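For reference, the structure discussed in these notes is given below.
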Amino acid sequence: GAVVSQHPSWVICKSGTSVKIECRSLDFQATTMFWYRQFPKQSLMLMATSNEGSKATYEQGVEKDKFLINHASLTLSTLTVTSAHPEDSSFYICSATFRGYQDNEQFFGPGTRLTVL
Amino acid sequence: SQQGEEDPQALSIQEGENATMNCSYKTSINNLQWYRQNSGRGLVHLILIRSNEREKHSGRLRVTLDTSKKSSSLLITASRAADTASYFCAADSWGKLQFGAGTQVVVTP
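Protein sequence lines, in the order shown, are assigned to chains H and R.
The first sequence stops at residue 117 when you use our numbering, and every number in between is there.
The second sequence stops at residue 226 when you use our numbering, and every number in between is there.
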């Protein structure tokens with residue numbers, strides 16, 4: 001299957017700073033990329049859907065000014081957590097869909113663990 | 118809420134036993150998927166069952182889907198210690214995945 005990578009795999013930052021997380025598709029050009037967050041011992045919550053060259057579509061309750069998504073190319077989407085606070089500490093996971101795969105199968109990155117001090 | 122229900126929340130079994138977990142969802146779906154997640158790691162796709170399918174097998178995995186009840190089950194047969202993980206169902210509705218709350222499975226040798 002297609003490979004999706006994330007960078008960094010973990011990051012620790014001070015409260016008030018901004019953190020950028022990259023999501024890359026390594027083999028193919030992605031049609032759509034998704035961003036999820038996961039709190040400890042909880043499930044994944046979809047934050048936003050991102051298509052190359054267009055604005056991301058955010059889920060209800062997700063602040064678009066807080067979580068900036070830039071989908072600059074067909075292989076790269078970035079999530080920037082602006083003015084991070086301890087409550088933003090979470091596991092952020094991206095996924096991507098690709099042409100040629102049935103059922104809009106999503107391929108997931110390994111996740112980025114963000115800790116805000 | 119995005120999340121569907123999964124039960125049980127936690128399951129502890131011995132190697133060789135079968136593990137069954139259930140999932141319910143809320144909307145109409147294109148397909149239903151099951152994932153495994155080891156602690157602090159990414160998701161591993163296990164199996165996908167389409168809305169017009171009722172049962173599917175893959176190795177030691179058996180998935181059923183009842184669209185009239187909006188529910189699915191995952192059976193892992195002859196469990197192994199390496200099956201210890203959290204298992205999530207995800208309902209695909211128009212390209213968006215809505216994840217269940219997850220079942221934490223512990224398989225003891």
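C-beta atoms are modelled at their ideal positions from N, C-alpha and C, and glycine is treated no differently.
Nothing here was measured: the structure is a model prediction, and the numbers come from that model.
Thinking C-beta only, is residue j closer than 7 Å to residue i?
| i | j | result |
| --- | --- | --- |
| V116 (chain H) | S43 (chain H) | no |
| V238 (chain R) | S196 (chain R) | Residue 238 (chain R) is absent from the model: chain R starts at 118 and stops at 226. |
| G109 (chain H) | S5 (chain H) | yes |
| D209 (chain R) | I146 (chain R) | yes |
| L178 (chain R) | R171 (chain R) | no |
| T112 (chain H) | S18 (chain H) | no |
| R24 (chain H) | Y92 (chain H) | no |
| S190 (chain R) | N139 (chain R) | yes |
Does the beta carbon of residue i come closer than 7 Å to any beta carbon on chain H?
| i | result |
| --- | --- |
| N139 (chain R) | no |
| S118 (chain R) | Note that S118 (chain R) scores a pLDDT of 40, beneath 50, so its modelled location is shaky and nothing firm can be said. |
| N169 (chain R) | no |
| A208 (chain R) | no |
| G176 (chain R) | no |
| A218 (chain R) | yes |
| G133 (chain R) | no |
Does any residue of chain R bring its CB to less than 7 Å from the CB of residue i?
| i | result |
| --- | --- |
| P40 (chain H) | no |
| G16 (chain H) | no |
| T115 (chain H) | no |
For residue i, count neighbouring C-beta atoms within 10 Å of its own C-beta (all shown protein chains included) and say buried if the count is 16 or more, exposed if not.
| i | result |
| --- | --- |
| L26 (chain H) | exposed |
| G159 (chain R) | buried |
| H71 (chain H) | buried |
| Q29 (chain H) | exposed |
| K213 (chain R) | buried |
| I12 (chain H) | exposed |
| N148 (chain R) | buried |
| Q119 (chain R) | Since pLDDT at Q119 (chain R) reaches only 45, below the 50 mark, its modelled position is unreliable, and the value read off the structure follows with that caveat. The residue is buried, with at least 16 neighbouring Cβ atoms inside 10 Å. |
| W211 (chain R) | exposed |
Review point. Quick one, which residues of the stretch 85 to 109 of chain H are near chain R if we go by CB-CB under 9 Å, in chain order?
Key: So the list reads F91, I93, S95, T97, Q102, D103, N104, E105, Q106, F107, F108 and G109, given in the order they occur along the chain.
Practice item. Would you list, in sequence order, the uninterrupted beta strand (DSSP E) runs of no fewer than 3 residues that lie entirely inside the stretch 143 to 187 of chain R? Key: Every beta strand (DSSP E) of 3 residues or more that sits fully in the stretch 143 to 187 of chain R is shown, in chain order, as 148 to 154, 160 to 167, 172 to 175 and 178 to 183.
Point to revise | In chain order, each beta strand (DSSP E) run of at least 3 residues that lies wholly inside the stretch 84 to 113 of chain H | key: The stretch 84 to 113 of chain H contains these whole beta strand (DSSP E) runs: 90 to 98.
Check your understanding: Using a Cβ cut-off of 8 Å, which residues of the stretch 43 to 61 of chain H contact any Cβ in chain R, in chain order?
Key -> Taking 8 Å as the Cβ-Cβ cut-off against chain R, the residues of the stretch 43 to 61 of chain H that qualify are S43, L44, M45, L46, T49 and E59.
Practice item. May I ask you to list, following chain order, the residues of the stretch 147 to 164 of chain R that have a beta carbon less than 9 Å from some beta carbon of chain H? Key: From the stretch 147 to 164 of chain R, only N147, N148, Q150, Y152, Q154, G157, R158, G159, L160, V161 and H162 have a Cβ closer than 9 Å to chain H.
**Study point:** Where the stretch 181 to 196 of chain R meets chain H: residues whose CB sits under 8 Å from a CB there
**Key:** With the criterion set as a beta carbon lying under 8 Å from some beta carbon of chain H, the stretch 181 to 196 of chain R has no members that meet it.
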